[in-house]
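Q: Following our numbering, the numbering of the sequence shown begins with 1038 at its first residue and continues without gaps.
After the structure tokens below, expect a handful of questions from me.
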Amino acid sequence: MNTVQPAFEQLREQMVDRQIRARGVTSPLVLRAMRRVRREGYVPSYLGEFAYEDSPLPIEEEQTISQPYIVGFMIEALGLRGGEKVLEIGTGSGYAAAVLGEIAGEVYTIERHEKLASTAKARLARDGYRHVHVRHGDGTLGWPEHAPFDAIVVAAGGPQVPESLRRQLAIGGRLVIPVGDVQGLQALVRVTRTGADEFAEERLADVRFVPLVGVEGWHAPAREVPPRPRPSSISTLVADCAEPFASIDLVDLRPLLHRIGDARIVLLGEATHGTSEFYRLRARITRELIEHKGFTIVAAEADWPDAARIDHYVRDRSVPRGEWQAFARFPTWMWRNRDVAAFVDWLRTHNLARPAAQRVRFAGLDLYSMHNSIDAVLRYLDGEDPAAAAVARHRYACLTPYQSDPAEYGRAVLTGGYRSCETGVLHVLEDLLRQRLAQGREQDEHFFEAEQNARLVAGAERYYRAMYYGSHESWNLRDRHMFDTLRRLLAFHGPKSRIVVWAHNSHVGDATATEMSARGEWNLGELCRQDFARSVTYVVGFGTDHGTVAAASYWGGEMERKVVVPSRADSYERVCHDTGLERFLLPLRTPHGSELRGRLAHARLERAIGVIYRPETERASHYFHAVLPDQFDEYVWFDRSEAVEPLTTHELAGAPETYPFGL
Ligand code: SAH
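If you want it as structure tokens, here you go:
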């Protein structure tokens, strides 16, 4: 499914070397067995790409397939020499039974969930383990018909060692079992039958297993008995379909990665421009997309030249820089904050371990940096072609009077009879493009950056003129520019490139599902869905009920840490709040499909907080109508959330010259 995955054989060898042998499992029989069993055939197919990860994985019936190392460790502890008769309790996926099957003469394995037992049976038969026998039943009672056993291994944790299992051990036989009086936290114990009534017991390690449920184990959890009641309210339905998680660091993102599938464009939203949780979870998702799905570009709702500073730093490119300070424009906290800095540090470390051609790019999609972009184009031309630089300088001079207030430019052109600079900025761009063709610079990074800056100047020039007429036309120009930049990034980096976007919900959530559409506005998410096949884009929206947010009270104002008031009763946010869950992922496309989508499809209010937050006029300033399941493919919820922390001067002291947030 993923083209960047190494072959399974290679992963399996690596797993045995790095996870099993390196940690001290030395039995040649165990190592050989684990080199042979195709573990990818024992996990749910959608988790195949994670089969050789150093962790347990979820399987059906809320059970787990144990971490490979634990399987190796437990089987080694059985002290097998080959050819024995072995009993396993807790077949689960069937993986450990297959490993045992590589070593033992006969393997008997029991599983209490019928569905797991039958799936494991089919897998073991498929792989030719005819001497591995699977039974559905309560393993705490053992399998007396085939006793005694040379070894017994229990893959679930019980309150004590079941007496039936002790009795079914051969003299000299070993039983390895997790035991503990708290469900979930156990000691791994080895019992050796030294005589008819004599047993020696050793404690091997601290472990954590799913509960051993049965007559001589724990009682079945009560909720397994009555079927769940049908959801009554929409919030109950959302709670039922949601994937709650404990923390941003621990959330299991594998199901999300599976849903993202082969998408080439993943758009990650945010409901404010100043919420720490949104940044941190987007960073985690992005890291996984880079590491597991080969994503090559991170693009943010930031200006091209500012984001380029981050890019040069994370890819360690030495590019001469202008005198201006990056991310100095209002709202500075949007990118110059601790969460972004932490991600930037991670990306640099990730990149530096790789050759230049494999490093992940960081790019900006926005167009507010008219003057920094002019500066960048001129610098480029100064180095390449001083004559062309002189001409461009002359053409761009038309915009210089508006350096500090580009919006004033639009007013001056439209009402003051000031000459439009449109022709001039377009000529600079056209000259550059002609140069590219003439010199065959299609793959030249420096050229690409200069071209993007020239395009930005042209886009911004139009944007500021359009702004004078009202917001709709300028909004459309801005999102069209973001989309064109995204497309050019993908084209420049070739057919294998994949992009993650960090931008506000109002840019990434499909505009056709909101009020924006009626106003004649489109956005980045809509353009992506229109231009690429549906499976190519995956849009994730983010929301919150209450907490704090970094925002200003008016455009250009100081950053404040403002209280976010609890959501309105008629909003999607309230539906999420009423689930009673703190945080969750809510897949809207799959797998719950129609019922959830149907129930959520009646338009409700949704809240958008930007760089300005005015709780006093919240309904008018921040709420709009939307159809959430059409807007996003997935929705992420944080009931309570906190403001981002801007980077302080103090924190930046001593940062290297190339640090993008340097002062
Ligand atoms: N060896 C497995 C690990 C599965 S986890 C593997 O490699 O995938 C433990 C399994 O024990 C679960 O599938 C659980 O359903 C099962 N189990 C728990 N109590 C049991 C019991 N009393 N009898 C049989 N199986 C049990």
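We put the beta carbon where it would ideally sit given N, CA and C, even for glycine.
If we ignore side chains and look at the alpha-carbon of each, how far apart do residue 1170 and residue 1184 end up?
A: When rounded, the distance between both Cα atoms is 14 Å.
Q: Would DSSP call residue 1286 helix, strand or coil?
A: In the structure shown, residue 1286 sits in coil (DSSP, three-state: anything other than H, G, I, E or B).
Q: Measuring CA to CA, which of 1596, 1074 and 1400 is closest to residue 1537?
A: Out of 1596, 1074 and 1400, 1400 has the C-alpha closest to the C-alpha of residue 1537.
Q: Alpha carbon to alpha carbon, what distance is there between residue 1645 and residue 1493?
A: Using only the alpha carbons, I get a separation of about 26 Å.
Q: Between the Cα of residue 1326 and those of 1245, 1535 and 1474, spot the shortest distance and give me the residue it belongs to.
A: Residue 1326 has its Cα closest to that of 1535, out of 1245, 1535 and 1474.
Q: When the Cα atoms are used, what is the spatial distance from residue 1285 to residue 1314?
A: If I take the Cα positions, the gap works out to 8 Å.
Q: State the DSSP-derived secondary structure class of residue 1535, mapped to helix, strand or coil.
A: The answer is coil: DSSP assigns residue 1535 none of H, G, I, E or B.
Q: So which of 1620, 1669 and 1611 has the shortest CA-CA distance to residue 1641?
A: It is 1611 whose Cα lies nearest to the Cα of residue 1641.
Q: Within the same chain, show all residues whose beta-carbon is closer than 7 Å to that of residue 1513, passing over the 5 residues directly before and after it, in chain order.
A: Excluding residues within five positions, the ones whose Cβ falls inside 7 Å are 1558 and 1559.
Q: Measure the C-alpha to C-alpha separation of residue 1093 and residue 1101 and round it to an integer number of angstroms.
A: Their backbone Cα atoms lie some 6 Å apart in a straight line.
Q: Is it the case that the CB of residue 1082 approaches a heavy atom of the ligand ATP more closely than 7 Å?
A: Summarising the ligand content, the structure contains the ligand SAH and does not contain the ligand ATP.
Q: What does DSSP give as the partner residues of residue 1649 in its beta bridges?
A: Answer is 1589.
Q: DSSP state of residue 1690, grouped into three classes?
A: Here residue 1690 sits in coil by DSSP.
Q: Taking the alpha-carbon positions, what's the residue 1069 to residue 1395 distance?
A: Cα-Cα distance, rounded: 34 Å.
Q: Say the cut is 7 Å; is the CB of residue 1250 nearer than that to a heavy atom of the ligand SAH?
A: Yes.
Q: Could you give the distance in angstroms between the alpha-carbon of residue 1348 and the alpha-carbon of residue 1695?
A: Each residue's Cα considered, the two are about 10 Å apart.
Q: Using the three-state DSSP reduction, which class does residue 1489 fall into: helix, strand or coil?
A: Residue 1489 falls in the helix class under three-state DSSP.
Q: Would you check whether the ligand SAH has a heavy atom nearer than 7 Å to the C-beta of residue 1133?
A: Indeed, a heavy atom of the ligand SAH lies less than 7 Å from the Cβ.
Q: Please state the DSSP three-state secondary structure of residue 1701.
A: In the structure displayed, the chain extends from 1038 to 1700; residue 1701 sits before or after that span and is not available.
Q: Can you list, in chain order, the residues of its chain with a C-beta nearer than 7 Å to that of residue 1188? Leave out the 5 residues immediately preceding and following it.
A: Same-chain partners within the cutoff: 1115, 1117, 1121, 1123, 1210 and 1211.
Q: Put residue 1048 into one of helix, strand or coil per three-state DSSP.
A: Three-state DSSP puts residue 1048 in a helix.
Q: Which of helix, strand or coil does DSSP assign to residue 1340?
A: Strand, per DSSP.
Q: Look at the Cβ atom of residue 1666, then the Cβ atom of residue 1689, and state whether they are nearer than 8 Å.
A: No.
Q: Since residue 1374 sits in a beta bridge, which residues does DSSP pair it with?
A: Note: residue 1374 sits in a beta bridge opposite 1683.
Q: Going by DSSP, which residues form a beta bridge with residue 1019?
A: Residue 1019 cannot be examined here, being either before or after the span of the chain that is shown, 1038 to 1700.
Q: Can you give the beta carbon distance from residue 1078 to residue 1160, rounded, assuming they're within the 8 Å contact cut?
A: Confirmed, about 6 Å.
Q: Could you confirm whether any beta carbon from chain B is found closer than 8 Å to the beta carbon of residue 1233?
A: The structure shown contains no chain B; it is built from a single protein chain.
Q: Using DSSP with H/G/I as helix, E/B as strand and the rest coil, what is residue 1662?
A: Residue 1662 falls in the strand class under three-state DSSP.
Q: Using the three-state DSSP reduction, which class does residue 1268 fall into: helix, strand or coil?
A: Here residue 1268 scores only 43 on pLDDT, less than 50, and its place in the model is too uncertain to base an answer on.
Q: So the alpha helix (DSSP H) residue 1442 belongs to, where does it begin and stop?
A: Residue 1442 -> no alpha helix (DSSP H), and no H or E assigned at all.
Q: For residue 1663 and residue 1307, I'd like the C-alpha separation in whole angstroms.
A: If you take the alpha carbons of residue 1663 and residue 1307, they lie about 15 Å apart.
Q: Would residue 1675 and residue 1620 qualify as a contact pair, given that the criterion is a beta-carbon distance under 8 Å?
A: Going by C-beta atoms, residue 1675 is nearer than 8 Å to residue 1620.
Q: Taking only the alpha-carbon atoms, compute the straight-line gap between residue 1503 and residue 1450 and give it to the nearest angstrom.
A: One C-alpha to the other measures close to 11 Å.
Q: Between the alpha carbons of residue 1242 and residue 1104, how many angstroms are there, rounded?
A: For residue 1242 and residue 1104, the distance between alpha carbons rounds to 14 Å.
Q: Express the C-alpha separation of residue 1290 and residue 1040 in angstroms, rounding to a whole number.
A: Reliability fails at residue 1040, whose pLDDT of 44 lies under 50, so the model's placement of it is uncertain and the value that follows must be treated cautiously. Their Cα atoms are separated by approximately 20 Å.
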